[in-house]
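These notes concern the structure reproduced below.
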Amino acid sequence: IPCGPNSYAAPADWYFPTQADGTVAANGTIWLQHGFLGFTSWYAEMAQQLASETNSIVVVPQIFWFDTPLCPGCYLGGSAMREAVATMFEGSRSALNVSANAAGLQGVLPEQFLLTGHSAGGNFATAVGALITATDQVDNLLGVVMFDGVSRAPLFTDSLTALAAAGIPDYQIAARPQSWNAWGVATELMTEAYPDRFNGVQVDNGSHTDVVAGNSLFAQLAEIASAILVRPSPDGAKEAVRTFAGGWVNDIYAGYGPTDPFYGIDGNPNDGNYGADEIISMGQITATTLPAPPPVDVAKYSGTWFEQGSVKLPFA
Numbered sequence: 560i561p562c563g564p565n566s567y568a569a570p571a572d573w574y575f576p577t578q579a580d581g582t583v584a585a586n587g588t589i590w591l592q593h594g595f596l597g598f599t600s601w602y603a604e605m606a607q608q609l610a611s612e613t614n615s616i617v618v619v620p621q622i623f624w625f626d627t628p629l630c631p632g633c634y635l636g637g638s639a640m641r642e643a644v645a646t647m648f649e650g651s652r653s654a655l656n657v658s659a660n661a662a663g664l665q666g667v668l669p670e671q672f673l674l675t676g677h678s679a680g681g682n683f684a685t686a687v688g689a690l691i692t693a694t695d696q697v698d699n700l701l702g703v704v705m706f707d708g709v710s711r712a713p714l715f716t717d718s719l720t721a722l723a724a725a726g727i728p729d730y731q732i733a734a735r736p737q738s739w740n741a742w743g744v745a746t747e748l749m750t751e752a753y754p755d756r757f758n759g760v761q762v763d764n765g766s767h768t769d770v771v772a773g774n775s776l777f778a779q780l781a782e783i784a785s786a787i788l789v790r791p792s793p794d795g796a797k798e799a800v801r802t803f804a805g806g807w808v809n810d811i812y813a814g815y816g817p818t819d820p821f822y823g824i825d826g827n828p829n830d831g832n833y834g835a836d837e838i839i840s841m842g843q844i845t846a847t848t849l850p851a852p853p854p855v856d857v858a859k860y861s862g863t864w865f866e867q868g869s870v871k872l873p874f875a
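Going by the working numbering, the sequence shown wraps up at 875, each residue one higher than the last.
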């Protein structure tokens, strides 16, 4: 990545939708960015499913989470890193193609691409997408998908404005927000800025780590940490997140969207008449179209209640 005086060497996992004859003829490339303190292996199942079900080449790069004196600004939350990644999609995309070829791809990457990311990686994907709208690659950027993306104004709102002006969709698959942290702010900003459009869904009782799934030790440790620090991912939530993402990406490739969904799930009924707060049954769990109502804090209503008055009825 052309960030800093000596560039930034980012290890990356590549996933290729290889056909039966061993060839790859992908619809596009998907950049999947991990979240703060995240690792590429956490997203193995999401990357594999996106590659196989959307016929996409998926790259998951590892970017350090903190600023360092060796490469100032070259970290996940730094503006220099966002600007550097945006330039990687210009021209011949030599750095991306060299990396993909080293991973086994024969030929060059598709011209069209999407940006996706989890948590702080969702903010990263949205902000990089906004930068690309000011380049000659704007027509090749098809969309952005965030997995419980975390961000704040003005970077996030300015980025949304740039993407909307270019006609590039940005979707959020949100978990249930929690009052003690910043999760939920990006979702609120998105629905406040564009209340009349389809912005995505909220997984009811979902966890911030619903997108995390893989067989590596790191992924398993992430699952344990999420159960302790956040909340366990409910049964069916991880599958629902992958179903939403895959359907939306396929619709984007095919030229469909919330007004005429074909592969994606954008409401209930899924007939193109989007409405806020629509409950979608997803097997073991449900999701709600944004803006979803805030969760009920049961603890606020616990304790002793005192009756101030009532009207007695015979059946009460």
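Ideal Cβ positions, reconstructed from N, Cα and C, are used throughout, including at glycine.
Keep in mind the model is a prediction, meaning the values are calculated, not measured.
For Tyr753, collect the residues of the same chain with a Cβ closer than 8 Å to its Cβ; drop the 5 residues on either side in sequence, then sort them by chain order. Within the same chain, Tyr753 has close Cβ partners Leu719, Ala723.
Which residue from Gly805, Val870, Lys871, Pro850 puts its Cα closest to that of Glu604? Here the closest residue by C-alpha is Gly805.
In chain order, which continuous runs of the alpha helix (DSSP H) of length 4 or greater are located wholly inside the segment 718-771? The qualifying runs are 744-752.
Would you tell me roughly how many angstroms separate the C-alpha atoms of Ala835 and Thr847, rounded to the nearest one? Straight-line measurement puts the Cα of Thr847 at about 8 Å from the Cα of Ala835.
Taking all protein chains shown into account, decide if Thr802 is buried (16 or more other Cβ within 10 angstroms of its Cβ) or exposed. It counts as buried.
So what does DSSP say about Phe595, is it helix, strand or coil? Here Phe595 sits in coil by DSSP.
Extent of the continuous beta strand (DSSP E) run through Thr675: For Thr675, the enclosing beta strand (DSSP E) covers residues 672-677.
In whole angstroms, what separates the C-alpha of Asp729 from that of Thr863? In this structure, the straight-line span from the alpha carbon of Asp729 to that of Thr863 is close to 45 Å.
Are Gly823 and Glu837 closer than 8 Å when you measure CB to CB? No, they are not a contact pair.
In terms of alpha-carbon separation, which member of Tyr602, Thr692, Ile616 lies closest to Asn660? The shortest C-alpha separation from Asn660 is found at Ile616.
For Gly702, the first and last residue of its enclosing alpha helix (DSSP H): Note, Gly702: premise wrong, no alpha helix (DSSP H); beta strand (DSSP E) at 700-706.
Please work out which residues of its chain come closer than 8 Å, Cβ to Cβ, to Ser658, disregarding the five sequence neighbours upstream and downstream, and give them in chain order. Close CB contacts of Ser658 within its chain, under the 8 Å cut and outside five residues either way in sequence, are with Ala571, Trp573, Val618 (chain order).
Can you list, in chain order, the residues of its chain with a C-beta nearer than 7 Å to that of Phe595? Leave out the 5 residues immediately preceding and following it. These residues qualify, in order along the chain: Trp624, Leu635, Ser678, Ala679.
Decide if Asp794 is buried, meaning its Cβ has at least 16 other Cβ atoms within 10 Å, or exposed. In summary, Asp794 is exposed, with fewer than 16 beta-carbon neighbours lying within 10 Å of its beta-carbon over all protein chains present.
Close Cβ partners of Pro620 (< 6 Å) along its chain, the five nearest in sequence each way excluded: Sequence-distant partners of Pro620 (beyond 5 residues in either direction) whose C-beta falls short of 6 Å from its own C-beta, in its chain, are Ala569, Ala571.
For Ser615, the residue or residues it bridges with in DSSP: BP columns for Ser615 point to Gly587.
I'd like the span of the alpha helix (DSSP H) that includes Met640, first residue to last. Segment 638-646, the alpha helix (DSSP H) holding Met640.
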